[in-house]
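Residue numbers (our numbering): -15 to 65.
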């Protein structure tokens, strides 16, 4: 196993743990659940959560793309041997 394969393997592990954490941090897409539970959201709190959720979603997409690229590179390196 070469140095490049070890580095890519470590990168895949780091990205996968980060993806798991980001996915767990995101809220579910339930609508109308606040009326059932009795809580009320103000207009400002709704916009605040949307911006946080938008950032988490964007960063998740970036990490997924990086994960696929690292996996493809690892596959190409494995096929060369």
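For every residue, glycine included, the Cβ atom is placed at its ideal position computed from N, Cα and C. All figures in this text were calculated on a predicted structure; none of them were measured in a lab.
Item, Value
"Distance, residue 37 Cα to residue -2 Cα", "22 Å"
"Cβ neighbour criterion (16 or more within 10 Å) applied to residue 9", "exposed"
"Residues near residue 44 by beta carbon distance below 8 Å, same chain, minus five either side", "3, 6, 7 and 10"
"Buried/exposed call for residue -8, threshold 16 Cβ in 10 Å", "buried"
"Spatially closest choice to residue 0 from 59, 64 and 55, by CA coordinates", "55"
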